[in-house]
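These notes are about the structure you will find just below.
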Amino acid sequence: MRLREGQSWAAGMTLMGATQLAYAEVDGRYNLQTPATGIAQQMYDMHTLMLWICLIIFVLVFGVMFYSVFAHRKSRGAVAAQFHESTTVEILWTIIPVFILLGMAWPATKTILELKDTSNPDITIKATGYQWKWGYDYLKGQGEGVHFVSALSTPREQIEGKAPKGPNYLLEVDKPLVVPVGKKIRILTTANDVIHAWWVPAFGVKQDAIPGFIHDTWFRADKEGVYRGNCAELCGRDHGFMPIEVHVVSAEAYAAWVDEQKKLMAAAADDPNKVWTMEELKARGEQVYSANCAACHQANGKGLPPAFPALDGSKIANGPVGDHLNIVLNGKTGTSMASFKQLSDTEIAAVITYERNAWGNATGTVVQPADVRTVRSNKTAALPAQPVKSGHAG
Amino acid sequence: MSSISHDHAHGHGHDDHGHHPTGLMRWITTTNHKDIGTMYLIFAFTMFIVGGLLAWGIRAELMYPGMQLWDPERFNSFTTMHGLIMVFGAIMPAFVGFANWQIPLMIGASDMAFARMNNWSFWLLPVAAILLVTSFFLPGGAPAAGWTLYAPLSVQQGMSMDFTIFAIHIMGASSIMGSINIIVTILNMRAPGMTLMKMPLFVWTWLITAYLLIAVMPVLAGAVTMILTDRHFGTSFFNAAGGGDPVLYQHVFCFFGHPEVYIMILPAFGIISQIIPTFARKPLFGYASMVYATASIAILSFIVWAHHMFVVGMPAAGLLFFMYATMLIAVPTGVKVFNWVATMWRGSMTFETPMLFAVGFIFVFTMGGFTGLICAIMPIDIQIQDTYYVVAHFHYVLVAGSLFALFAGTYYWLPKWTGHMYSETLGKLHFWASIIFFNITFFPMHFLGLAGMPRRIPDYATQFADFNFIASIGAFGFGLSQLIFLIAVVKCAKGGPKATAQVWEGADGLEWTVPSPAPYHTFEEPPHVK
């Protein structure tokens with residue numbers, strides 16, 4: 001077993017080749033997912049090598065132990081020897097494991113140095129964790145300026161067992177991350193509220209997203225395809241429901257996608273000075289509500305008290321609009337109510353109007369994007385004391 | 395030196411010691427190490443049942459994909475409380491119970507050094523447990539931030555988090571007092587002639603564990619206190635907007651967390667090191683190297699904490715240091731396993747229940763050791779950190795490690811405690827049911843983790859359904875198996891064949907020189923060890 005470093009590594013690779021065949025059919029059930037990047041491949045091979053080393057030690061140690069268990073029994077007339085010390089043996093079984101560990105540490109060290117090298121990326125994307133979805137901003141490289149939010153798209157009925165579960169149950173999103181094949185993609189991670197972790201197993205990438213800090217990681221996908229992952233750090237109620245979906249596409253398809261996104265963004269950009277009617281705001285607000293608020297406060301506004309209070313009939317949704325704006329913009333410390341300042345002025349105006357005029361709430365309040373902008377720019381001062389009763393109500 | 399057995403269960407007085415109170419007051423006011431040891435063990439088993447019911451709640455939800463039973467927030471509170479209760483309520487107090495019963499008996503001391511403090515350190519625990527368990531009934535439900543209470547999620551929680559923080563403070567105080575007591579007892583009250591290097595290994599492992607506890611429980615208290623002040627007093631230890639850093643919490647917590655792992659396993663090593671020689675009828679192989687290995691593991695445990703944080707975003711130098719240091723732990727741990735196997739080698743073995751659990755321990759714990767080594771390789775850890783692979787790994791070392799050692803120790807010393815032999819049939823049934831259901835529960839979790847199932851999620855992608863179903867069946871079976879243990883122990887406490895003082899043919903040590911059951915007061919005259 002005491003092969004030299006290069007030899008043992010080569011031996012491991014040969015063994016690995018054999019096992020890869022064996023695992024081919026059951027891939028994804030019993031082993032790490034099929035690697036799609038060089039780093040993930042190194043991790044896969046290292047794991048296989050480790051398994052073989054552990055298996056050999058396992059067989060040796062437990063071979064001895066179980067032989068002893070069967071042979072050295074009192075019922076078989078075994079008489080106990082009285083030896084209880086041997087410095088030679090002790091030194092031997094201290095030194096040999098050290099060498100085995102050195103053999104394991106060598107390839108791991110090389111991979112660590114490689115995976116920490118985030119320099120010279122082709123495209124840099126910031127992934128921001130929100131409770132409970134991911135926001136993506138294309139910061140540098142082709143596609144710069146594209147940004148969107150990506151949330152679970154599995155319907156509630158499937159989760160609650162009222163509809164059959166789809167093939168990508170809990171691993172599908174409304175807007176996947178799209179990247180070109182063969183390019184070095186650097187992912188910056190951060191978070192808005194609590195710690196999340198951005199994890200795509202096939203890329204061998206898992207990086208905590210920490211509020212207030214930016215960390216980075218990278219991948220270069222070798223094959224086109226759809227790759228799926230999850231948030232990997234407990235982040236509250238819907239931690240299990242914020243998947244990651246990455247589409248790796250050809251350079252041409254990527255360029256086309258970027259164009260399409262730019263056009264979509266231009267079309268969807270709300271004119272911040274537009275004055276909306278109540279009906280428009282309510283319709284838009286309902287979409288914003290189901291994407292951002294319904295997980296806790298529920299689609300029917302009844303919430304899940306006491307952790308997640310009802311909005312239907314609540315003091316906030318029926319009281320001064322300034323307090324309502326304040327809690328949506330800034331969250332409430334000590335509770336799960338996070339800040340939603342990442343939403344646009346229009347979205348916030350819409351969702352507040354919706355909440356104040358849906359279910360049993362009938363305040364008649366209409367909040368315009370301009371109102372939200374005023375509050376935002378004044379941070380502490382000048383929250384409107386009076387409900388904003390706008391005359392544009394439909 | 396053996397004294398006469400008294401009928402203390404009925405509270406009769408003792409010539410030299412006046413009378414002691416009867417009924418409930420006996421237990422509330424007792425300063426006797428055996429009474430306190432018994433109370434620790436009963437407390438630990440009760441909490442084990444509570445933690446086990448929570449585990450059933452978790453496995454019931456995970457049996458099928460989709461949300462069936464609990465709201466996700468409630469599910470998260472189950473995983474959080476399962477962890478807190480099992481670690482602080484079940485495993486740690488159980489080992490302290492063993493320390494109370496056995497350390498004075500094994501070193502020939504008449505009691506623990508600080509008898510009144512011993513009473514106090516026990517009676518703090520039910521208070522802490524009540525704080526923990528009642529948090530389920532507070533507005534917002536029990537804490538749902540995971541047992542690690544990572545900030546800022548723990549800062550978001552409702553008032554139950556404050557209850558939990560105070561419970562941790564109280565349990566920490568209890569542990570520190572218990573540890574001081576154990577250290578002072580071992581260092582000052584050994585029988586004449588018992589030098590440090592003649593102490594039974596169980597005593598050695600507890601001595602080292604007690605130092606670990608004193609070193610790290612204040613660190614945990616500091617970590618949760620910072621959460622408390624962040625929550626209520628406007629500090630920003632873990633809030634970047636105020637100049638803090640959420641990762642600071644992880645460093646402080648894990649600086650407690652990793653030694654904590656060894657706090658829960660070193661006394662288990664001690665128990666196994668008592669049992670294997672007894673049933674192999676052969677002295678422990680490499681006594682001195684066992685002591686050095688234990689001390690090495692304890693020292694290494696202080697410099698490996700960040701291996702829990704490999705994906706937090708550390709620089710390469712940090713990753714390499716913590717990976718190398720972590721891998722080194724395999725060396726002393728390996729030495730221990732080799733020594734146990736060498737002790738068994740050419741022995742004359744019998745397989746009563748304690749030995750079955752001990753051999754089962756070595757076998758299954760070592761599998762947990764292998765997966766630990768795999769987790770230590772940082773590039774592989776990227777793929778398995780925060781997945782079911784890790785869940786499988788730490789249950790292999792904590793259930794098959796610590797818990798099986800506790801069972802082994804219970805069966806081993808139960809005749810000494812009760813004066814009766816337990817039923818071998820029930821004991822063996824308990825062992826086989828436990829080890830089979832244990833593996834049905836946790837072995838499939840390795841596959842789940844490798845294939846990419848994150849931990850702490852109430853619902854999962856459909857390709858994970860089969861293994862989750864198997865794991866749930868295993869968990870129900872494992873839970874029910876523990877009823878066999880309860881029956882076996884209660885039956886043994888009530889009656890059964892009389893146990894001799896020696897109990898086991900191959901047993902060696904001072905505790906086997908006093909009658910069974912061990913009299914209320916033992917070693918009032920210290921024995922002489924040659």
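Heads up: the protein sequence lines correspond to chains A and B, in order.
Its first residue numbered 1, the first sequence is counted upward by one per residue in our numbering.
Its first residue numbered 395, the second sequence is counted upward by one per residue in our numbering.
Just so you know, even glycine gets a beta-carbon here, dropped at the ideal spot from N, CA and C.
Small disclaimer: the values here were computed from a predicted structure and weren't measured.
Provide the residue(s) that pair with residue i in DSSP beta bridges, ordered along the chain.
| i | result |
| --- | --- |
| I185(A) | I123(A) and F219(A) |
| K140(A) | T124(A) |
| F400(A) | For residue 400(A) there is no data in the structure shown, the boundaries of chain A being 1 and 394. |
| L177(A) | V246(A) |
| P848(B) | T781(B) |
| F62(A) | None; F62(A) has no bridge partner. |
| L170(A) | L170(A) is not bridged to any residue. |
| V149(A) | G135(A) |
| A191(A) | G129(A) and P211(A) |
| M743(B) | R73(A) |
Straight-line CA distance for residue i to residue j?
| i | j | result |
| --- | --- | --- |
| F679(B) | L800(B) | 22 Å |
| G161(A) | Y458(B) | 10 Å |
| G803(B) | A786(B) | 24 Å |
| V375(A) | N512(B) | 60 Å |
| G166(A) | Q158(A) | 8 Å |
| G322(A) | S339(A) | 15 Å |
| M553(B) | H247(A) | 42 Å |
| G587(B) | E918(B) | 16 Å |
| P920(B) | L581(B) | 15 Å |
| V444(B) | T474(B) | 13 Å |
| W34(A) | L478(B) | Strictly speaking, residue 34(A) in this sequence is Thr, with Trp absent from that position. Straight-line Cα distance between these residues: approximately 36 Å. |
| V328(A) | K341(A) | 7 Å |
| H915(B) | L590(B) | 24 Å |
| H626(B) | Q298(A) | 29 Å |
| L622(B) | A895(B) | 52 Å |
| I96(A) | V729(B) | 11 Å |
| W906(B) | K592(B) | 16 Å |
| T353(A) | V366(A) | 5 Å |
| V64(A) | V735(B) | 8 Å |
Comparing alpha-carbon positions, which option in the options lies nearest residue i?
| i | options | result |
| --- | --- | --- |
| A609(B) | F627(B), L581(B), S568(B) and F696(B) | F696(B) |
| F759(B) | I485(B), D902(B) and L797(B) | L797(B) |
| A536(B) | I422(B), F788(B) and H476(B) | H476(B) |
| T154(A) | Y854(B), H915(B) and Q668(B) | Y854(B) |
| A700(B) | Q779(B), G763(B), S742(B) and I666(B) | Q779(B) |
| A449(B) | L874(B), V753(B), W517(B) and G903(B) | L874(B) |
| G616(B) | A484(B), C648(B) and V521(B) | C648(B) |
| R29(A) | F872(B), G903(B) and D860(B) | D860(B) |
| P107(A) | W276(A), Q42(A), G77(A) and Q131(A) | Q42(A) |
| F788(B) | L622(B), P671(B) and V481(B) | V481(B) |
| D45(A) | P773(B), V578(B) and F489(B) | P773(B) |
| L177(A) | T37(A), F308(A) and A127(A) | A127(A) |
| Q876(B) | Y914(B), L820(B), P913(B) and P671(B) | L820(B) |
| A770(B) | A454(B), L904(B) and I723(B) | I723(B) |
| L713(B) | T109(A), I53(A), I57(A) and G103(A) | T109(A) |
| V705(B) | P306(A), T365(A), R373(A) and T189(A) | T189(A) |
| G707(B) | Y605(B), D639(B) and R468(B) | D639(B) |
| D312(A) | T37(A), G240(A) and E355(A) | E355(A) |
Could you spell out where the alpha helix (DSSP H) holding residue i opens and where it closes?
| i | result |
| --- | --- |
| P748(B) | T747 to A770 |
| W132(A) | Neither: W132(A) is in no alpha helix (DSSP H) and is coded neither H nor E. |
| V527(B) | A509 to T528 |
| V367(A) | Run containing V367(A): none; DSSP gives neither H nor E here. |
| N426(B) | Counting along the chain, N426(B) falls outside any alpha helix (DSSP H), and DSSP gives it neither H nor E. |
Just checking my contact of residue i with residue j at CB under 8 Å: how many whole Å lie between their CB atoms?
| i | j | result |
| --- | --- | --- |
| N733(B) | S690(B) | Wrong, their Cβ atoms sit about 13 Å apart, outside the cutoff. |
| Q644(B) | Y544(B) | 6 Å |
| L115(A) | I39(A) | 5 Å |
| I776(B) | K206(A) | 5 Å |
For the beta strand (DSSP E) containing residue i, list its first residue and its last residue.
| i | result |
| --- | --- |
| K206(A) | V205 to A209 |
| G890(B) | No beta strand (DSSP E) holds G890(B); DSSP gives it neither H nor E. |
| C231(A) | G225 to C231 |
| W199(A) | H196 to V200 |
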